[in-house]
Every structure is written in structure tokens, then in C-alpha cells.
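A.B. asks: First the structure, which I've put down as C-alpha cells, then a few questions once you've had a look.
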Amino acid sequence: MDLPCMQWQDHVAQKWTGLDPGMKEHFLALIEIDDVFKCTLSLTTKDDLDILQSISAGHSVRKDTEQAAKWREKGNSSFKSRDYTSAALHYSQGICCASQSSEQLSLCYANRSAALYHLQHYQETLEDIDRALKNNYPSHLLHKLEERRTLCLKYLSLDQKANEDQHYPASENHKNPDRQTKASAEPQVSRICSQAALSFCSEKGRHLVAKERIAAGEVLLHDRAYSCVLIPGMEEVQPTGRKQDTREGVLFGTEHRRCHRCLAVTLCPVPCDGCSYSRYCSTSCQRDAWEEHHCWECSLGADLMVMGVMSQLALRVTLKSGLQNIQMANEPMIDKSTKPEPSCINQHDASTSHYGNSYLSVFHLLHHLNHHSPSVRFLSAVTAATLYLKLSKIGTPPAPFSRPLEANRQPPNKMGDGENMTEELWMLGSAVLRHILQLRCNAQAVYTLQDTGTLKSTVQSSREIRIATAIFPTLSLLNHSCCPNTSLVFNTGISADPSEAELSTDLGRREAEYRGSSCGVTATIRATGVIATGQEILHCYGPHSCRMAVKARQHLLQEQYFFLCQCEACTLQQREEEEGSKEGRQQLTGYKRSLHQAGLLCGKCKGPLNKSTEDGKKGFVCSLSSCGHHISSSEVSRRLQEIRIDLEKAVDLMERDIPDEALKLLKRTHCLSELVLAETHPLHGELEDATARAYATMGDWSRAAFHLEQSATAISSQYGEDSIEVGRQLFKLTQLHFNGGARGPALSIIPKVRRLLCLHCGPQCYELQELQVMEDCLRG
């Protein structure tokens, strides 16, 4: 996924093993990126290119009319069964595979217009009709398209009249990405709030601190990704809410559903004219992607899949910056490898003041050349060198790599008129290597909530999925904490204008100022609690104290980010786990105990279990002195695994629409779990959530609400009462009370749900809109 595929990794590993010891020593002694690239380029041969070609042959992205016809037939099958969403996805895949101006392309467009019509996407239907006509649609079938066009215009006219009657301005652009107005130069929306300030110290590097008191929920930082790459192959649930049917090997992932530039969800993507892989939400995104990076990527699509997401993102960053900006960034080159680096990771170079959405802010991120293992350093270098050799065969560098300097930049002393193509490409290859190494420590996974409910479900069920890898320069200013004082949300596509309700609050107005009318992938950091003056603003790099044990977190952070985490949560949890001291447990206020210890019960007396600290008695011991029962770690793990297996079976039964059988299995599992799990254990929370889902599927709202309340208790114990996890669980509880007609209980928890969702996600999140609809109905 992020790294190159295993075949390429194995090839490079064998190449490293076969190197002369003297050459290995020379390679590892190099401390400059340019020198590493130059050395590796001399070691990269035609054999490496041949190996890459043989591997990439299994990832063809060429146009294929026969494949387009097969996808259209699958779409027809879904259309006949009235699964119009799946039909649209199949037709879209056919559109991406079909050759330009071919009859197969016109047929796929026409068929997709029919699916979109049934989904009531009338504007998009009209656009697909026009595209079918422009691509030689058979004349004897024209009457079908004209009838469909007439019906769409009729419905759009009725919608417009209804909007005018309700005094709402008609907006034909609302659902039509092609008609969205884009500025020729996208606004720079990376901002830090006025209450925060940039600071520096030798121990922490560059970091953000509160220069005055910051209230909970305040937007601290808003940053747009400098560049991003969609992750292929991530399974998603159908937008209809039904699990995907894989009987015919059809599995649609993020690459089929989202724009490959701004990540916006779309059922009717605009294909790349040259390859069958890349697709976009609009013609403007298609054009911008082509001008920025895809004019080079298009012919290298299969190779980039082999080289991994990090390599592709590094290339995109380089192409977007342009040759002149890279030259400018290299002009005052400082040897960063010999400078001390911060121990509490801040990945920016401490000698610079660059931050924001500019290339300098990316260029000066630390690359940690000497911290990467020899195998990773060699893999990155050979990948960059091989990519350079592939690019050198394409021809003259396209416009993106000759783009003008960024605003307020002065050209370097030596510019490119006298430089030949080889020198330009050499600089590109060296920059790609720099960014590959940087991204291993600075790349940000982009997550989104994905609906996982079944087709019949009336209660929201969702999970976080990773959809892309991006580089956010300003976000990289924040240091890590395993228990941060901020939360992070992502926005993709073109942001909507703020509503009057949002603008009616101080928080809404401030957020609207930060959000602006940005296009692309943006990240928003909010304060999850009051941040006092002088306190550092901290962000979690992934390993969180609520989800992972302290030693596992420290090991992961050391391996990926090259620092030993000594944040407050790690310090206190480590003291509790290693020393078992009473003082350590008392100081864990605000931090959760080890996930393996929290919520385990003694099988004899139901007392809480603690980790045994006695020599020769590894495992757990009952905390009640009157009992003192001991149980081994392996026995605890075995029991937890049995519960986990039964839970997964029950969830599978519900996904296959057999809730009664799932409920029987869950009841038996509950009996088993009562012997080992307390109400606060995370696994107990999952069991209660699944039981609530089973009852809700069967329409027993009151029992479903009871079990979801139990689940919320466990989630609150794990993540904290003010966590977004609790907010989403209580949102589901509100839905259950609403569906069951329990007016009082629903209205009693709505204020807390609203507060938590607004705190973490902002006043514009869609759950708050649905919450308001439910409250209006209950008070109606």
C-alpha cells in the first residue's frame, strides 16, 4: 500500500545483499540526499527496469474495449435487479476502460444515465446523455435518450419552482461538480488561529503553544494538503448500505468511488482520456490533475502501483512544485544531517521559519536520512532511481515541472534556459528521493467515516476507513502526544457555503473564516478541552493511549518517527505497568490504564483483576485480598479470543440478514463474557453494541436502547466521557429512542450529543443536521 509491493521489495533486498561490502560501506556513509541519489543511480541497471516491467504487467491500466463491454454487461445485470447504485458503478468502470469516441463508451454513458435517472440524479443524467451523444451513440437508439432528457428537464423544472416557492435560490450547481466555479489559483487556506503561536526549543523543536486561553471546540489549525494520493484496494460498503456482492469477483473500493484529485465521492466519475485507472469528480479536477502531475503519471500508472503510495506522493509533490521552486529551495542548502534533531518529534527543520501551503514548507521537513535502516534507505533510493530512469524515457519535461515560481519568491542565480533535460530530470529524481524519506515520518493518513449499516437498518452504523495518504505542511508543526488535547477531522472535495445556523454562533463564524471556500483535501484541528496559556498544542500521530498499550506505542513511534515517546500518558502508564505503584495508579486521572488490564474480572469472586507483579507468577491476580485468585495471561487471552470469535460470527449473521440467529449466539456469548469481562471492558462494549444492533434490526427499540446504553458505558470508560466515540454512540442511542417513540429519553441526551459532535467535528457535520431534524420532530 504505502510501501512498494513485496516483489519489488524482494528484488531490491537481493540487490542490496549482492552489493560489494565496500560499496555498502560507501553508500551508508553518504549524508547528502544528492550524493545518495547519484550513488544509487550508478547502481541501477536495465535489469531493474526489466524487473519493474514484469511486475507492473499485472497492473495494466490501458484502455480495453473488451473489458468495457464486460463491465457494461455486469451493469445491465445490476440494473435489471434494480440495484441502480451498483449498476452506475459498473457502467463507470466500463467508461474508464473504453477507448475515446468508441461506440462502447457511448453505450456505457447512456446506460449510466439510466441508472442515475432512477437514483434521481437528474442533472448528472443530462450530462451523461450529452456525453453519449458526443461519442457516436447509435442513431437507432436516440429516441431513448431524448425521452429521458425530457423527463429530467421536467423534474428539474419542478424542483426549481419548488425552491422558488420556498424562497430558496435555485442552484443548479449543487449536485453538479462540473458546474462548480473554481478559481484559476486555489486559495491558500492553511491557517493557525490567533490564540496560538509558533515556538521553538532544542528539546521539542518547532511547535505550537497557546499564547492565550483557548476554549474547547475552538479551531486551532486549518491546513490544506499540499498533495495527496488515493489508496487503492480499500473495501467500502455500498452507498445503499448493503454489503458488496463478491460472488462474481466484483469489489469496488475507494479508487472506484472517489475523485483521484480531491477525494470527493462520486457515482459518475469523469475518466482520464489516457488510462483506465484515474478518474475525477469533474472536468475541472481532471484538467487540474493533468496539468499538475497526471500528464507524467498517466503512462506510469502500473509502475506507480508497484512502487507504492509513498513513491507516487513524492513524485506528485515534486511535479507540483516545479523545477524553479526546487532549485530555489536547494540554493541556500544547509547540511541538516549533522544538526541535532528534536527528541519529541517535530519534523520541521529547526533552522527555518517556513510553514504553510508552499513548497518550502515541505522541502524543509526533516528527512532523517541517517535514522532510516540501511534496507529502507536503499529501497527508497533504488525506487527513486528507477523512477528517474523511467521518466527519462518519456521525453521533454511537461509544463508542471517548468511551472513558475510560487508567489513572493525570487529566482535562483542559475535558471534552466541553459540546462539540458538530463539535469532537470536528475534534480527531479533527487527531490523524489528526499520526499520519499520525508513522507515516512511526515505523511498523514486521511480517514473518513463509512456507513456500515445494512439496507434495512434504521440506525446509523459506521467505521473509520483510511482513504488516502497526504502531506499537510502546517499540521506537521504539531508534536505528538498519546493523549492529545486536540481532535482532527478531514474534509474532501469542494466545501459548501456555511449555513445561516452555523454563522449564528461565534464558533460557526470563526470556523467559516478558517474553512473559506476551499477545494481539495483539508484537515481541521480543534481543541478537545480548555488549553491554558503557555500549554503546548498536541496531536496524536496514530498510537493513542486509549487504543494501544504503552510499550507497543513507544515501539511503533520509535520505529517510524525515531523518538522514544515520554508524553505524560506514557510516563504514567509505564509507571503503573512496570512498578504497579499505588501512586502511579492515582496519577492516571485523565489517562486510561493498560487496555489488557482494564475491565477484567476474577472468575471466582467477580473482583477486579490486576497484573501480577510477583516473581514467577506472570499473569493476573484478584485485587481482593480475601480471594487472591491467580490466572495466567494465556488463559485470559484464550477466553477473550473465544468471545471475539463468537462476536464476529454474530456480526456476520446480521450482515446476512439473520438477526434472530445472531441474537441467540450473542446471548450465549454474554454468559461466557460475564465470567471474565467487567462492564468497562472494550470487548464488553462491542458485545452490547452488537446486541443492540440485533434488537434494532428486529424492531425492538427499547431493548436495543438498553444494550446500547451499556455499550456507551464501556466506551466512556475506554475513551473518556467527552470523546467523539461517546458522541457517536449517544447519537445512535438518540436514533433508537426516536424510532421507539421515547420522546423524553431522546430529548434528554440530545444536548450532550450536540455538544460532543460540535466539539470534535464542528457545527457543520451532517450528524448535527439529522439531530436537529429529530429534535424538531419530537418537539413538534
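Take my numbering: the last position of the sequence shown gets the number 1016, and nothing is skipped along the way. Heads up, the beta-carbon is just placed ideally off N, CA and C, and yes, glycines get one too.
#1: Please state whether the Cβ-Cβ distance between T280 and T622 is less than 8 Å.
#2: With a threshold of 8 Å, are at least 3 pairs of Cβ atoms found where one atom belongs to the segment 339-353 and the other to the segment 515-534?
#3: Our contact map puts S337 next to N372 with C-beta atoms below 8 Å; I'd like the distance itself, whole angstroms only.
#4: Counting Cβ pairs closer than 8 Å, one from the segment 309-317 and one from the segment 527-541, do we hit at least three?
#5: For Q243, collect the residues of the same chain with a Cβ closer than 7 Å to its Cβ; drop the 5 residues on either side in sequence, then sort them by chain order.
#6: Identify, in the order they occur along the chain, each residue of the same chain with its Cβ nearer than 8 Å to the Cβ of V766, setting aside the five sequence neighbours on each side.
#7: Nearest to S781 by CA position, among S712, L713, Q954, is which residue?
#8: For a test of the three-state rule: what should DSSP assign to S426, helix, strand or coil?
#9: When you compare the CB positions of T554 and V465, do they come within less than 8 Å of one another, or not?
#10: N715 and K440 - do their beta-carbons sit closer together than 8 Å?
#11: Are there 16 or more other CB atoms within 10 angstroms of the CB of L377, so buried, or fewer, so exposed?
#12: Applying the criterion that 16 or more other CB atoms from any shown protein chain within 10 Å of the CB defines a buried residue, is R929 buried or exposed?
#13: Which of the three DSSP states, helix, strand or coil, is assigned to N721?
#14: Between the Cα of R523 and the Cα atoms of D509, L536, Y513, which residue gives the shortest distance?
#15: For K968, does the count of other Cβ atoms within 10 angstroms reach 16, so buried, or fall short, so exposed?
#16: What is the DSSP secondary structure of L911, counted as helix, strand or coil?
#17: Any idea if T386 is buried or exposed, counting beta-carbon neighbours within 10 angstroms, 16 or more meaning buried?
#18: Helix, strand or coil for N606, going by three-state DSSP, please let me know.
#19: Do V618 and D284 count as a contact pair if the criterion is CB distance below 8 Å?
#20: Give me the Cα-Cα distance between L883 and D893, rounded to the nearest whole angstrom.
#21: Please work out which residues of its chain come closer than 7 Å, Cβ to Cβ, to L264, disregarding the five sequence neighbours upstream and downstream, and give them in chain order.
#22: Whose CA, out of L995, I428, Y683, lies closest to the CA of A500?
#23: Under 8 Å between the Cβ atoms of G839 and S859?
#24: Kindly identify the DSSP beta-bridge partner or partners of F436.
#25: Closest by CA to S430, which one among L444, T705, N727, F614?
#26: Just verifying my parser: in three-state terms, what is the DSSP assignment at I630?
#27: Per the DSSP calculation, T705 is bridged to which residue(s)?
#28: In this structure, how does DSSP classify G1016 when only helix, strand and coil are distinguished?
#29: Evaluate contact between the segment 908-927 and the segment 872-882, counting only Cβ atoms and requiring at least three cross-stretch pairs below 8 Å.
#30: With H, G and I counted as helix, E and B as strand and the rest as coil, what does DSSP make of T758?
#31: Give the secondary structure of S698 by DSSP, where H, G and I count as helix, E and B as strand, and everything else as coil.
C.D. replies: Let me spell this out:
#1: With respect to T622, T280 sits close: the two C-beta atoms are nearer than 8 Å.
#2: Fewer than three Cβ pairs drawn from the segment 339-353 and the segment 515-534 lie within less than 8 Å of each other, which leaves the two stretches out of contact.
#3: In this structure, S337 and N372 form a Cβ contact; the two beta carbons are roughly 6 Å apart against a cut-off of 8 Å.
#4: Result no; under three Cβ-Cβ pairs closer than 8 Å.
#5: Within the same chain, Cβ atoms closer than 7 Å to the Cβ of Q243 are found at I291, the five residues on either side in sequence being excluded.
#6: Contacts found: R449, I450, A451, A452.
#7: Comparing Cα positions, the closest option is Q954.
#8: The three-state secondary structure of S426, taken from DSSP, is coil.
#9: The answer is no: Cβ separation not under 8 Å.
#10: Taking the C-beta atoms as reference points, N715 is found nearer than 8 Å to K440.
#11: Exposed, by the Cβ-count rule.
#12: Residue burial annotation: R929 is buried, with at least 16 other C-beta atoms found within 10 angstroms of its C-beta.
#13: For N721, the secondary structure class from DSSP, reduced to helix, strand or coil, is coil.
#14: Residue nearest to R523 within the set D509, L536, Y513 is D509 (criterion: CA-CA distance).
#15: Residue burial annotation: K968 is buried, with at least 16 other C-beta atoms found within 10 angstroms of its C-beta.
#16: When DSSP states are grouped into helix, strand and coil, L911 belongs to the coil group.
#17: Classified as exposed, T386 has fewer than 16 neighbouring CB atoms from the shown chains inside 10 Å of its CB.
#18: The DSSP-derived three-state label of N606 is coil.
#19: Result yes, Cβ atoms of D284 and V618 sit closer than 8 Å.
#20: If I take the Cα positions, the gap works out to 15 Å.
#21: Here the set comprises P610.
#22: Selection L995, I428, Y683 evaluated against A500 yields Y683 as nearest (Cα-Cα).
#23: Their beta carbons are not under 8 Å apart, which means G839 does not touch S859 by this criterion.
#24: Within the DSSP secondary-structure output, F436 pairs in a beta bridge with R442.
#25: Per the Cα distances, L444.
#26: Under the three-state reduction of DSSP output, I630 falls in the coil class, being neither helix nor strand.
#27: Looking at the DSSP output, T705 bridges to V465, A681.
#28: In the three-state DSSP reduction, G1016 falls in the coil class, being neither helix nor strand.
#29: Contact between the segment 908-927 and the segment 872-882 is present, because at least three Cβ pairs lie under 8 Å.
#30: If DSSP states are grouped into helix, strand and coil, T758 belongs with the strands.
#31: In the structure shown, S698 sits in a strand (DSSP, three-state: E or B).
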